[in-house]
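Chains as they are written, first to last, in the numbering used here: chain A, 304 to 529; chain B, 265 to 501. In what follows, a single structure is set out as structure tokens and then discussed.
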Amino acid sequence: MRFELMYDSFFKILEGVPLTLEVVLISTFLGFGLAIVVALMRISDNKFYSVPAYSFIYVIRGTPLLLQLYFVYYGISQFSFVRESILWPILREPFWCGIITLTISTGAYSAEILRGGIQSVSQGYIESGRALGLGRVSLFFRIVMPITIRQALPAYGNELILMVKASSLISIVTLMEITGIARTIISKTYAPVEIFLVAGSIYLFINFVITRLVKYAENRLSIPST
Amino acid sequence: MLEAISFGDTGWGDEMLMGAFWTVAVSISSILLGLVIGIIFAGFKLSSIKVLNLIAEFYTTIIRGVPELLVIYLLFFGGGGAVMYVAKIFGYYGYIELQPFVIGTLAVGAISGAYSTEVIRGAVNAIPRSQFETGSALGLKGFRLYQKIIFPQVARLALPGIGNVWQITLKDTALISVTGLVEIMRQSRIASGSTHEPFIFYTIAIVLYLIITRVSNIVFDKAETRYSRGFVKRKIT
């Protein structure tokens, strides 16, 4: 073990933490919005909504994230009409391609989690809401969503950890977050075990904090048992 | 465009199919390695020996909390060194270079093993104590007890979970394209680099993965039905 190297690289790798967190936070936030839309489409009785949502979830869950990233980063930019469009300044940047890919991915996985939560809301609550005169929108945001979030939180916590792990893939499109820096140091120093331990501990720490936060939220939202 | 995906010397069709073959091959060998690891570490987790519990807990926590890519880099850059280190103990001082397929299997197998450990542990825990007691009352001991009574039931209970692990393993093999194994991912990179048609080749790659997923879903459904013979299918409402 080269402890001095581990000590030095710890601070170097730490510089990648903000980028990792930034990417995870932005895409989780956008992905959650996407997930609500997809989940609602998925449970709709109208095939016009449910079939596209189902296919979207199927394709995203059935293909590797790396492939999705390559598709967005290299595949779409192949066309000259994309390169000439106003979206090009965004699609040209590896950062935004990473955000787009991770948003789409977490959107599909979270949609399934939310769907389970929404479907677990018992009919009685919805009827009570209607009896109170709530419209469709306020029924959804005031009754269905709070119960869904409580129900889906443990599974969503797992999804957050998966997102932190998934964010490492953006290092392949040249972004220097935790894994990207770790890889550079490994290929310079040829000390894979030491660097793995350092970068791995940082990831474990981030995920530990997330687990704690989700647990805290779970406790806050749970109904006090009598 | 059609020429680019045709079979034969000028097109990439046959190469892409070959890539799909390697993806399936490395997925199968990884999940098998993962199942062996899973059975051993599930045994560790269920054991009453504290040290074994700790080792297994350490392994699953690290693998499940650290990005797969990092594990692959560890094996890719450190795997050969580790093997040479072991070889030195046995008196072999030559240079050993591991093939990408072997490194890929070791890395993805190690990841897959952590998930299998949890699935198998859950399945063993779901078997009622009375099954163990009945087995020993029949005079079955140790390995025979597990072979005759426990494993058949574990297999049935673990199958849906193993189906999920298979799905994860299949997708993780895309990451070993960074080590140089020419599976679907790497093949589509090579093909799109040489033809300047990334859109087409990544679309083909998506379709290939979806076909493999669809076929494996059918296989797992069949296996589940087979292992659930003699059980009434529970209907929810």
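We put the beta carbon where it would ideally sit given N, CA and C, even for glycine. None of these values were measured; they are calculated from a predicted model.
Taking the straight line between their C-alpha atoms, what separation do you get for residue i and residue j?
| i | j | result |
| --- | --- | --- |
| residue 508 of chain A | residue 500 of chain A | 12 Å |
| residue 413 of chain A | residue 468 of chain A | 16 Å |
| residue 276 of chain B | residue 290 of chain B | 21 Å |
| residue 388 of chain B | residue 286 of chain B | 33 Å |
| residue 264 of chain B | residue 307 of chain A | As shown, chain B starts at 265 and ends at 501. That puts residue 264 of chain B outside it, with no answer to give. |
| residue 284 of chain B | residue 462 of chain B | 17 Å |
| residue 316 of chain A | residue 495 of chain A | 14 Å |
| residue 527 of chain A | residue 396 of chain B | 38 Å |
| residue 319 of chain A | residue 484 of chain A | 7 Å |
| residue 480 of chain B | residue 292 of chain B | 11 Å |
| residue 504 of chain B | residue 472 of chain B | The question about residue 504 of chain B has no answer here: the residues shown for chain B are numbered 265 through 501. |
| residue 316 of chain B | residue 323 of chain B | 11 Å |
| residue 517 of chain A | residue 468 of chain B | 39 Å |
| residue 447 of chain A | residue 406 of chain A | 24 Å |
When the cut-off is 8 Å and only beta carbons count, does residue i lie next to chain A?
| i | result |
| --- | --- |
| residue 331 of chain B | yes |
| residue 507 of chain B | The structure shown does not extend to residue 507 of chain B, since chain B is modelled only from 265 to 501, so the question has no answer here. |
| residue 462 of chain B | yes |
| residue 458 of chain B | no |
| residue 422 of chain B | no |
| residue 246 of chain B | As shown, chain B starts at 265 and ends at 501. That puts residue 246 of chain B outside it, with no answer to give. |
| residue 342 of chain B | yes |
| residue 466 of chain B | yes |
| residue 316 of chain B | no |
| residue 282 of chain B | no |
| residue 326 of chain B | yes |
| residue 337 of chain B | yes |
Under three-state DSSP, which class holds residue i?
| i | result |
| --- | --- |
| residue 347 of chain B | helix |
| residue 516 of chain A | helix |
| residue 332 of chain B | helix |
| residue 504 of chain A | helix |
| residue 356 of chain B | coil |
| residue 395 of chain A | coil |
| residue 363 of chain A | helix |
| residue 495 of chain B | coil |
Within the continuous alpha helix (DSSP H) that includes residue i, where are the two ends?
| i | result |
| --- | --- |
| residue 431 of chain A | 426 to 434 |
| residue 379 of chain B | 364 to 389 |
| residue 412 of chain B | Segment: none, residue 412 of chain B is in no alpha helix (DSSP H) and carries neither H nor E. |
| residue 474 of chain A | Residue 474 of chain A -> no alpha helix (DSSP H), and no H or E assigned at all. |
| residue 349 of chain A | Note, residue 349 of chain A: premise wrong, no alpha helix (DSSP H); not H, not E. |
| residue 280 of chain B | 277 to 310 |
| residue 385 of chain A | 383 to 387 |
| residue 456 of chain B | 448 to 459 |
| residue 487 of chain A | 481 to 492 |
| residue 462 of chain B | 462 to 491 |
| residue 447 of chain A | Segment: none, residue 447 of chain A is in no alpha helix (DSSP H) and carries neither H nor E. |
| residue 405 of chain B | Segment: none, residue 405 of chain B is in no alpha helix (DSSP H) and carries neither H nor E. |
| residue 307 of chain A | 306 to 317 |
| residue 373 of chain A | 368 to 373 |
So, does the CB of residue i fall closer than 8 Å to a CB anywhere in chain B?
| i | result |
| --- | --- |
| residue 502 of chain A | yes |
| residue 486 of chain A | yes |
| residue 499 of chain A | yes |
| residue 468 of chain A | yes |
Does the Cβ of residue i lie closer than 7 Å to at least one heavy atom of the ligand COA?
| i | result |
| --- | --- |
| residue 373 of chain A | What this structure holds is no ligand at all, so the ligand COA is not there to describe. |
Inter-stretch contact (C-beta, 8 Å, three-pair minimum) for the region 434 to 441 of chain B and the region 327 to 340 of chain A: In short, these stretches do not touch, since the Cβ pair count stays below three.
The region 471 to 486 of chain A in contact with the region 445 to 460 of chain A per 3-pair CB rule at 8 Å: They do not touch, by the three-pair rule.
Cβ contact check for the region 414 to 423 of chain B and the region 445 to 457 of chain B: 3 or more pairs under 8 Å: With the rule of 3 Cβ pairs closer than 8 Å, the region 414 to 423 of chain B does not count as touching the region 445 to 457 of chain B.
Cβ pair count under 8 Å reaching 3, the region 400 to 407 of chain B against the region 294 to 312 of chain B: A contact between stretches requires three or more CB pairs, one per stretch, nearer than 8 Å, and the region 400 to 407 of chain B fails this requirement with the region 294 to 312 of chain B.
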